[in-house]
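Here the sequence shown is numbered in my numbering, starting from 59 and rising by one per residue.
Comments concern the structure below.
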Amino acid sequence: MISSAGTRSTALAALALALTFVVTGCSSPSTSNNTSELSTTPPASSSPDAATFFPDVEEVTVTPAGTNLFDFAVTISSAYDTPEQYADGWHVLAPDGTVLGEHTLSHDHASEQPFTRTQLGVEIPPGITEVTIEGRDQANGYGGTTITVELPGR
């Protein structure tokens with residue numbers, strides 16, 4: 059026969075173990091500052107076709123525009139573009155994942171695929187020699203094919 063004290067001890071031990079799993083599962087720190095890390099897997103509510111999750115960066119042209127300033131001409135393809143879901147921007151990332159610049163698109167480009175837009179005067183700190191451009195979908199966030207480019211003159 060098991061005493062009530064033994065049952066109580068077993069129950070408390072099980073509760074403590076369960077609480078440990080809950081707390082450690084919710085507090086795992088991220089080891090990356092890269093904001094795109096979160097967008098590598100499409101949301102569960104999205105279509106299973108990866109092409110509808112995120113836009114792809116197809117081409118980037120970088121032009122020096124002054125001391126530590128650069129202009130970016132970015133070509134994006136988002137075959138799924140409609141007024142309901144479209145590529146709504148991109149950002150310029152340092153090698154460590156720091157966002158150096160962002161560009162916002164305010165409407166779809168369904169009839170213009172791929173399309174190129176320019177972001178002027180992005181300040182890039184000295185010492186950074188290359189950056190990565192990543193597209194953003196208005197529903198799913200950042201993801202898709204990225205392009206890393208060298209900065210001219212660095």
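Don't be surprised by glycine CBs; every beta carbon is placed ideally from N, CA and C.
Note that the structure is predicted; figures quoted are calculated from it, not measured.
Length of the line joining the Cα atoms of residue i and residue j
i	j	result
Trp148	Leu209	17 angstroms
Pro153	Glu188	7 angstroms
Leu163	Asn198	15 angstroms
Gln143	Gly185	37 angstroms
Gly124	Val150	17 angstroms
Glu117	Thr156	21 angstroms
Ser135	Gln196	14 angstroms
Asn126	His161	18 angstroms
Pro203	Pro122	Per the sequence shown, residue 203 should be read as Thr rather than Pro. Taking the straight line from one Cα to the other gives about 24 angstroms.
Leu190	Ile205	Note that residue 190 corresponds to Thr in the displayed sequence, not to Leu. Those two C-alpha atoms are separated by around 6 angstroms.
Glu215	Leu158	No answer is possible for residue 215: it lies beyond the span of the chain, which begins at 59 and ends at 212.
Phe169	Tyr200	A small fix is needed here, since residue 169 is Ser in this sequence, not Phe. Spanning the two alpha carbons is a distance of roughly 22 angstroms.
Gln171	Gln177	18 angstroms
His167	Phe112	14 angstroms
Pro141	His165	7 angstroms
Rounded distance between the beta-carbons of residue j and residue i, thought under 8 angstroms
i	j	result
Glu192	Val120	With a Cβ gap of about 15 angstroms, Glu192 and Val120 do not count as contacting.
Arg212	Asp146	Not quite, the Cβ-Cβ distance comes to about 30 angstroms (not below 8 angstroms), so this is no contact.
Asp139	Gly179	So it is not a contact: roughly 27 angstroms between Cβ atoms.
Thr174	Val132	7 angstroms
Backbone secondary structure at residue i - three-state DSSP
i	result
Pro122	strand
List, from N- to C-terminal side, the beta strand (DSSP E) runs of 3 residues or more that fit wholly inside the region 124-206. Listed in chain order, the complete beta strand (DSSP E) runs (minimum 3 residues) inside the region 124-206 are 127-135, 145-151, 157-162, 173-181 and 188-195.
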